[in-house]
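Chains as they are written, first to last, in the working numbering: chain R, 5 to 113; chain Y, 61 to 175. By construction, the Cβ of each residue, glycine as well, lies at the ideal position given by its N, Cα and C atoms. Notes follow once the structure below has been shown.
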């Protein structure tokens, strides 16, 4: 079983739509959780942290379910500029980031 | 310059060539990393250097040889590569011990093609 699993997509959605991605992780000792964004042929960039209580940053909402070992990312009112690959990242040993394969999002006009 | 700089941005090499990838960080970090990103695969951590000492080597073939001469520079020496080694190679740096990805900075990567 992969350490971090994501649906690769692509998710094709129209502008203005709401889209959600899930990610599951296998190691129950995982400590911290994050979503990264990676544009085509560029390096990954940190998008937001994920907390048990859930957190929101503008149109983006991230949630963590430790019991079921999954995290989610919800994007509301999708913009064309949201088109990218979204990487789920888990840390269970200080400084060691474990990446998922990423979920590709394509927003169309 | 600021951040993490990688050179070259693109590299095409034959299977018998020897080349090196370079990474430089200007953030005062004490840990540096090499990652490999192949198509449809997650980023794979290859090597970790902490305070210029290699602390992790994730079963990487010996045709990849890292070097960390000081805390600001990291190299990846390549020789007799295979076509399946074609990938995006990303360097990153962090201040070790913080467990803080907000301080974990990636370079733009070197896109390597082995022909």
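- Neighbourhood of residue 38/R in chain Y, by CB distance below 8 Å: 161, in chain order.
- DSSP places residue 90/R in the strand class (E or B) of the three-state scheme.
- Per the coordinates, the alpha-carbon of residue 21/R lies some 5 Å from the alpha-carbon of residue 81/R.
- Residue pairing for residue 111/R: DSSP places it in a beta bridge opposite 17/R.
- Taking 3 residues as the shortest admissible run, the segment 65-147 of chain Y contains the following complete beta strand (DSSP E) segments, listed from N- to C-terminal end: 70-73, 78-85, 91-97, 104-110, 113-117, 124-130 and 133-139.
- A check of alpha carbon separations from residue 100/R across 36/R, 76/R and 87/R identifies 36/R as the nearest.
- Taking residue 89/Y as the centre and dropping the five residues before and after it, the same chain places the C-beta of 153, 154 and 155 closer than 6 Å to its C-beta, in chain order.
- Interface criterion not met: the Cβ of residue 125/Y is under 9 Å from no Cβ in chain R.
- Taking a C-beta cut-off of 9 Å against chain R, the contacting residues of the segment 90-111 of chain Y are 91, 93, 95, 97, 100, 101, 102, 103, 104, 105, 108 and 110, listed in chain order.
- Spanning the alpha carbons of residue 145/Y and residue 65/R requires a straight line of approximately 36 Å.
- If you check the CB distance, residue 106/R and residue 90/R come in under 9 Å.
- For residue 154/Y, the pairing in a beta bridge is given by DSSP as 91/Y.
- Interface criterion not met: the Cβ of residue 19/R is under 9 Å from no Cβ in chain Y.
- CA-to-CA, the gap between residue 133/Y and residue 82/Y works out to about 7 Å.
- Taken in chain order, the whole alpha helix (DSSP H) runs of length 4 or more contained in the segment 33-60 of chain R number zero.
- Just measuring C-alpha positions, the residue of 97/Y, 64/Y, 86/Y and 72/Y sitting nearest residue 147/Y is 97/Y.
- Here the alpha carbon of residue 110/Y sits roughly 9 Å from the alpha carbon of residue 116/Y.
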